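J.: One structure is given below, represented as structure tokens, and several questions about it will come after.
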Amino acid sequence: MALLEEDHAFEIADAVLAASEADETEVTINCIEDRFVRFGHEGPTQSADRERYDLAVRVRFRDGEGFREAKASSGALDEASVLGALGRAEILARVASPDAGAAPLGGPVEVEGSAPSRPTQDHSFKEKAEWIEAALRRCEGESLHGGGLARTTVASRSIVNSAGRRVHGATSRAEFALTCADAGADAETVGGSASSVSVRCFVDQVDVEGVIEDAVTSAVRARGPADVEAGPMDVLLEPQAVAALMTFTSGMGFGARGFHEGSSFLTGRVGERIFSEHLSVADDPTHPDLRGLRFDGEGTPRGCHPLVSSGTVHGPVTDAFWAKQLGLANTGHSPQQPSTSGPSAGHLVVAEGDLSREELLDRLGDGLLVRQLHYVNVVEPRELVLTGMTRGGVFRVRGGQVGGAIGNLRFTQSLVDALGAIDGVGDRAVRVGSLMGGELVAPALLIRGFQFTSKARS
Amino acid sequence: MVTPPVKSSPSHSMEALARSAVDEAMARGADAADARLVRCAEERLVIQNGALKESDAPEDFGIAVRVFKDGAVGFAAAPGPYSAMQNAVSGLVRRCLASARDLAPLRRVPVRLAGRADACGTFATPVEEDPFMVPLEEKLDLLMRASERLGGRREVVSRLAGMSLRREEQWMATSEGGSTHQVLVRSGGRIEAIARARGVVERRSYPNALEGDFRSGGFEVVRALDLEGNAERVRDEAIALCHADICPPGQRTLILGGGQLALQIHESVGHPTELDRVLGEERDLAGGSFAAQTDPGSLEYGAACVSFVADSTVPGGLDTRGWDDDGVASGRFDIVRDGKLCAFQSGRISAGRAGAETSRSVSRAEGWYAPPIDRITNVSLAPGHGSLDDLLAETEDGAILADTIKTWSIDQERRNFQFTCEVGWEIRGGRRSRLLRLPTYQGSTLDFWKRCDRVTGPEEWRLWGVVNCGKGNPMQVAEMSHGAAPARFRGVQFVDVGSSVS
């Protein structure tokens, strides 16, 4: 099976629109082709060669100033399944309570189309096996246990609505990730451990050799971590660690719902400089390392949208509903509707600075180099107090020189305060992901007085 | 009502299709094979601020084929409808075998399956009231009444009432002669109020945070939650939290309510005792485990009053079923008994790798789209004795009663955790006194469970459903339940979050 071509997707959607009895109808068709191999130190543990469809029908009946609205979806695209979804959505919507705040569906728009990467789509298990074999051999040479993921995915989304909107786009993604660690239950607290990942838009951009070299050498270097007491410390956060923090700003920080409810750091502060002047952030699906869809969950066009300029925060990102509620422009950040979650900035790009790695370490002076953060979560949303653990190599830095490893530490830190304490930004941003979901482009950040609150083995 | 989303299925043809996939795989040279057809239907309704903001009725149907060849595993999956799956079977089998052949040379140790998957039979969740046959108007009325009672105070900036109903039907065939058919139904819901006062925003949820609470069963589960009857209390507590002091830091006695204990069990007992984590196969994303393969029988996991039981047969459990996705029959076993670690949770592959003869039936996949992996089953803290009131009455002044998860974080070896609850109360005079916000406690798993000196009794014990357990890479979501009664822990460290929060 292949992803649906634009014409084919529109044809299916048009059939649903033609059959709909609703005042407004929106059809979203998502397609995905996915191949992955997950591996441990004894070889591949799971793999999948799979494809999936999701056709969602959103229907709306006018009621006074608003709409009665509902959605239903089908994982199959045959006529009976698709019309079954339409029927379920209509039944739900007819009995729904009206939403007076709902805005009408948007009309025709022009968006830049995109096609899947054929080499990424065709990347085989045999080729993934070559990546994995190279990683395992290198790990075995250093007596490390390797594990990770080789994955290629192509996806498409088509949205057609009864107001005349017709948009279609495709994305591609390729990933090679390697974690290597000493064997045993204490691997990550007594032995050495490190991860590295290359996530790119096209399979031929994936830096397999770089990932292997980075993970293996860092894990070897992380062996025998020293015991260090928790407390405030200056840190150089590598991009993976930055991603684990910044991903929490997408919805809770920059989204209109949290802004309205008062739980966002933006509430009452728009136009103020609340972060370090070193920090600039945009939501940018056009970035060459992201290449996201050029439209949101309602088909509204989106492009590069500034969020923070030299520490000064702009207004929240919106969708049709929240733009109407707050009297703001629709910035094109809607999830697939209807949804309670509110808009979010899903293509964050933290602007590069001008400091090389050596310059960052030199400016850090004495502190810690943190490669990765694990299981970060929100203690308090307004100041974005986050807690989580270091992972995959924490190194002492003395006089700008990277020294030995230390044991993992827990932090409890306001992200608003941390972003206000940035004292240097790296000159190379890369695409990285987070355990809690989401990917962004970020450089390394030097942050003063980061609050570590306990040790892994306390 | 929505038309019944899962029509009466021609089971024999589903079984035949699964069987044909397995037979073709074996004919083409597989060493072993299984096939699953999975059909899911769900109904999600969420009222937000008085309007129906989420009303979704997704259906999903597909086939997964898994083959074992030359010590490696291949997996391929494709969506329905039935005719499409019929046409896809041969291609899926060929793709499975091809990927297994490509990956086999990489296996340092061949995959070995523990035990056999030769069970035949049917299983269906006991349902008193089919949730998909209850009129939609009645469901919305139930939510709307709860939503209205969450309002009426100017401090409330967001109120939410929701329910989710799910039915999964699965047909499975194995090359060892297994043939099973299961119909699993679960239901649940929640309410939530977010209040703002004095520049503070606080949330209060019932019966639990995140998605709410769920049990296997029909609409009777939703009715029993009494969302409307709890709405005003939830609203008032959300407002009161905005005026409450932040829980002070320091070391003191902690009593955890059942909902919070369920999360504590999930993170610090459920995950570290998954055998694939113990074996290091999850290290690349979720992490490993502080527990070693040789620890059962010797590791002191907690105090003598602490016992954990795994049970995929317990009534109401979200992982209560006939067989896991390896085709192995459900069962009950001790994970920790009287404080000592007894066993890990395993599937056929992890048990085989560990040299065990049988699996513990915890291998599960998210629908048809993903390969099965070891998942936490229903893992519960065994009840002790006495009521919560008795426990409060015998607890010293200054102790904290905390409940309902607000945020959670635990390290990659499941040692150091830090959890924040929605609500806390200081204990004075043997009862709840001052309300406290952001009670945040931190500890180390084994040390924490050794600090438990009392678990309340069966009258306080109940199952709590978890519907958002993420694991694997790519991530899969699974559901399970944890039974708990409130319990007391001595000398727990509370974290200073007040200095970061205005």
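Keeping their order, the protein sequence lines are chains V and S. For the first sequence, counting from 1, position 201 maps to 201 in this note's numbering; every step adds exactly one. Add 1000 to the 1-based position in the second sequence for this note's numbering, that's all there is to it. Yeah, the Cβ is synthetic: ideal placement off N, Cα and C, and Gly gets one too. Because the structure is a prediction, the values reported are computed rather than measured.
1. Distance cutoff 7 angstroms, beta carbons only. Does Lys324(V) sit that close to anything in chain S?
2. Considering only DSSP beta bridges, list what Asp1213(S) is partnered with.
3. Does the beta-carbon of Asp1374(S) have 16 or more other beta-carbons within 10 angstroms, so that it is buried, or is it exposed?
4. Measuring only between beta-carbons, confirm whether Asp49(V) sits less than 7 angstroms from chain S.
5. Taking its Cβ as the centre, do 16 or more other Cβ atoms sit within 10 Å of Cys304(V), making it buried, or is it exposed?
6. If you measure beta-carbon to beta-carbon, which residues of the region 1276-1304 of chain S are closer than 9 angstroms to chain V?
7. Which residue's Cα is closest to the Cα of Val59(V): Leu3(V), Asn161(V), Arg165(V) and Glu79(V)?
8. What's the C-alpha gap between Ser1008(S) and Phe1123(S)?
9. So the candidates are Glu1282(S), Leu1184(S), Glu1137(S) and Pro1207(S); which of them puts its Cα closest to the Cα of Glu1192(S)?
10. For His145(V), which residues of its own chain have a beta-carbon under 8 angstroms away from its beta-carbon, when the five flanking residues on both sides are left out?
11. Which of the residues in the region 327-361 of chain V, read from start to end, lie with their CB under 8 angstroms from any CB of chain S?
12. Tell me, please, which residues DSSP counts as bridged to Thr171(V).
13. Following the continuous beta strand (DSSP E) through Leu360(V), name the residue where it begins and the one where it ends.
14. Do the CB positions of Val1221(S) and Ala1310(S) come within less than 7 angstroms of each other?
15. Mapping DSSP to helix, strand and coil, what is Pro1439(S)?
16. From the DSSP output, which residues share a beta bridge with Ala226(V)?
17. Output needed for Glu1042(S): all residues of its chain with C-beta closer than 6 angstroms, excluding positions within five of it in sequence on either side, in chain order.
18. Using DSSP with H/G/I as helix, E/B as strand and the rest coil, what is Cys1305(S)?
19. Tell me which residue opens and which closes the beta strand (DSSP E) that Val57(V) is part of.
20. Determine the direct distance from the alpha carbon of Val1157(S) to that of Val1200(S), and round the result to whole angstroms.
21. What are the residues that DSSP puts in a beta bridge with Val378(V)?
22. Below 8 angstroms, can you find three or more Cβ-Cβ pairs linking the region 1484-1492 of chain S to the region 1252-1265 of chain S?
23. Hey, how far is the Cα of Pro1005(S) from the Cα of Gly148(V)?
24. Pull up the CB-CB distance for His314(V) and Val425(V), whole angstroms please, since I reckon it's below 8 angstroms.
25. Classify Ser81(V): buried if its beta carbon has 16 or more other beta carbons within 10 angstroms, exposed otherwise.
26. Taking C-beta pairs closer than 8 angstroms, name the residues in chain V that Thr1407(S) reaches, listed in chain order.
27. Quick one: does Asn1087(S) have its CB under 7 angstroms from some CB of chain V?
28. Could you check what DSSP says for Asn1208(S) in three-state terms: helix, strand or coil?
29. Looking at the structure shown, is Trp1171(S) part of a helix, part of a strand, or coil, going by DSSP?
30. When you check each C-beta in the region 1066-1081 of chain S against every C-beta of chain V, which residues fall closer than 8 angstroms?
31. Tell me whether Asn377(V) is buried or exposed, calling it buried when 16 or more other Cβ atoms sit within 10 Å of its Cβ.
32. For Pro443(V), count the other beta carbons within 10 Å of its own beta carbon; 16 or more makes it buried, fewer makes it exposed. Which is it?
33. Is the Cβ of Ile1265(S) closer than 7 angstroms to any Cβ of chain V?
34. Note down the Cα distance separating Asp1024(S) from Pro316(V), rounded to an integer number of angstroms.
35. Do you know how far the Cα of Ala22(V) is from the Cα of Arg1094(S)?
36. Return the residue from the list Glu51(V), Thr267(V), Asp354(V) and Ser454(V) that minimises the CA-CA distance to Val154(V).
T.: Let's see:
1. no
2. Under DSSP, Asp1213(S) forms a beta bridge with Gly1189(S).
3. buried
4. At a cut-off of 7 angstroms, the C-beta of Asp49(V) has a neighbouring C-beta in chain S.
5. Cys304(V) is exposed by the Cβ-count criterion.
6. Flagged, chain order: Asp1276, Val1278, Leu1279, Gly1280, Glu1281, Glu1282, Arg1283, Asp1284, Leu1285, Ala1286, Gly1287, Gly1288, Ser1289, Phe1290, Ala1291, Ala1292, Gln1293 and Asp1295.
7. Asn161(V)
8. Because Ser1008(S) sits at a pLDDT of 43, beneath the cut-off of 50, its placement in the model cannot be relied upon, and the following sentence gives the value as read from the coordinates. Distance from the CA of Ser1008(S) to the CA of Phe1123(S), rounded to the nearest whole angstrom, comes to 16 angstroms.
9. Pro1207(S)
10. Gly40, His41, Cys139, Cys180, Ala181, Asp182, Ala183 and Ala187
11. Pro338, Ser339 and Thr340
12. Ala155(V)
13. Unbroken run through Leu360(V) is the alpha helix (DSSP H), Arg357 to Leu364; no beta strand (DSSP E).
14. no
15. coil
16. Ile406(V)
17. Pro1058 and Arg1166
18. coil
19. That run of the beta strand (DSSP E) goes Gly43 to Asp63.
20. Using only the alpha carbons, I get a separation of about 12 angstroms.
21. Leu386(V)
22. yes
23. Because Pro1005(S) sits at a pLDDT of 43, beneath the cut-off of 50, its placement in the model cannot be relied upon, and the point is left open.
24. In fact, because the Cβ distance is near 19 angstroms, the residues do not count as touching under 8 angstroms.
25. buried
26. Scanning chain V for C-beta atoms nearer than 8 angstroms to the C-beta of Thr1407(S) yields Asn377, Val378, Val379 and Thr387, reported in chain order.
27. no
28. It is coil, neither helix nor strand.
29. strand
30. Ala1072, Val1073, Gly1074, Phe1075, Ala1076, Ala1077, Ala1078, Pro1079, Gly1080 and Pro1081
31. buried
32. When all chains shown are included, Pro443(V) counts as buried.
33. no
34. Note that residue 1024(S) is Glu in the sequence shown here, rather than Asp. If I take the Cα positions, the gap works out to 55 angstroms.
35. 44 angstroms
36. Glu51(V)
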